[in-house]
Amino acid sequence: MEKIDELDRRILKIITQNARIPFKDVAEECGVSRAAVHQRVQKMFDSGVITGSSYHVQPKSLGYQLCVYIGITMEKASMYNQVIAELKEIPEVVEAQYTLGAFGILIKVFAHDNEHLLNLLNTRIQAIPGVADTTTLTALSQPIYRQLPIEI
Numbered sequence: 333m334e335k336i337d338e339l340d341r342r343i344l345k346i347i348t349q350n351a352r353i354p355f356k357d358v359a360e361e362c363g364v365s366r367a368a369v370h371q372r373v374q375k376m377f378d379s380g381v382i383t384g385s386s387y388h389v390q391p392k393s394l395g396y397q398l399c400v401y402i403g404i405t406m407e408k409a410s411m412y413n414q415v416i417a418e419l420k421e422i423p424e425v426v427e428a429q430y431t432l433g434a435f436g437i438l439i440k441v442f443a444h445d446n447e448h449l450l451n452l453l454n455t456r457i458q459a460i461p462g463v464a465d466t467t468t469l470t471a472l473s474q475p476i477y478r479q480l481p482i483e484i
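Sequential numbering from 333 applies to the sequence shown in our numbering.
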C-alpha cells in the first residue's frame, strides 16, 4: 500500500466526511484543480488506500432486528480457509476477523429475529466442518460508528 501525502490526507478528510461532495468543492477547499483531486482519488483507489464507495443501508429497514457477534472456535487453526469459505456463502455474515485469544474467528451477523438467528447458528454456522464451538454476543445498540480520523 502506498504512502499518502498531506494533500491526499486533506482530500480524504473531506470525502470521508461527505462522500457525495463534488470534486470541484474538494478542489476549492484544497486549493488545487478539480482534475488534480480526481487524479489523486483515482490513484488512491488504484493503490488500495480507498477500498470502495457505497451507501450504507440500515439493516432494520430491511427487517433485520438483531445484530450479533459470534466467536468461533475451530477444531484446528489450519481449517481457517475452509471455514471462511463456508462463512462467505452465508449472506447474513457481514464481517469476519481472524483473531487471537478466545476465538479463532469473530463474525458479525444480522438476523431478522431470534428464530432466524437460531436457524443460522444450528443449520449453517455450527454445521460448517471445522467449527468446534460458537459463543454469541448480542449487540443492543451501536453508539459509535465511524472511520478513523484523517490527521493532516
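Each residue gets a CB set at the ideal place from its N, CA and C atoms; glycine is no exception.
Query, Result
"According to DSSP, is residue 432 helix, strand or coil?", "coil"
"Consult DSSP for residue 455 and reduce its assignment to one of helix, strand or coil.", "helix"
"Do you know how far the Cα of residue 411 is from the Cα of residue 405?", "11 angstroms"
"Let's see if you can read the secondary structure: which residues bound the beta strand (DSSP E) around residue 438?", "437-443"
"If you compare alpha carbons, which of 348, 380, 475, 420 is closest to residue 386?", "348"
"Among the candidates 478, 480, 481, 466, whose CA atom is the shortest distance from the CA of residue 400?", "466"
"To the nearest angstrom, report how far apart residue 358 and residue 402 are at their CA atoms.", "40 angstroms"
"Using the rule of at least 16 other Cβ atoms within 10 Å of the residue's Cβ for burial, across every protein chain shown, is residue 353 buried or exposed?", "exposed"
"Please give me, in chain order, every unbroken run of the alpha helix (DSSP H) with length at least 4 that falls completely inside the segment 357-395.", "366-379"
"If you draw a straight line from the C-alpha of residue 458 to the C-alpha of residue 470, how long is it?", "17 angstroms"
"Output yes or no for whether 8 angstroms exceeds the beta carbon distance between residue 372 and residue 339.", "yes"
"Pull up the distance between the alpha-carbon of residue 344 and that of residue 482, whole angstroms please.", "7 angstroms"
"Since I believe residue 436 is in contact with residue 409 (beta carbons under 8 angstroms), could you give me their beta-carbon distance rounded to a whole number of angstroms?", "6 angstroms"
"Let's see if you can read the secondary structure: which residues bound the alpha helix (DSSP H) around residue 337?", "It is not in any alpha helix (DSSP H) - residue 337 carries neither H nor E in the DSSP assignment."
"Using DSSP's beta-bridge definition, name the partner residues of residue 401.", "440, 469"
"Are the segment 427-436 and the segment 377-395 in contact at 8 angstroms, needing three or more beta carbon pairs?", "no"
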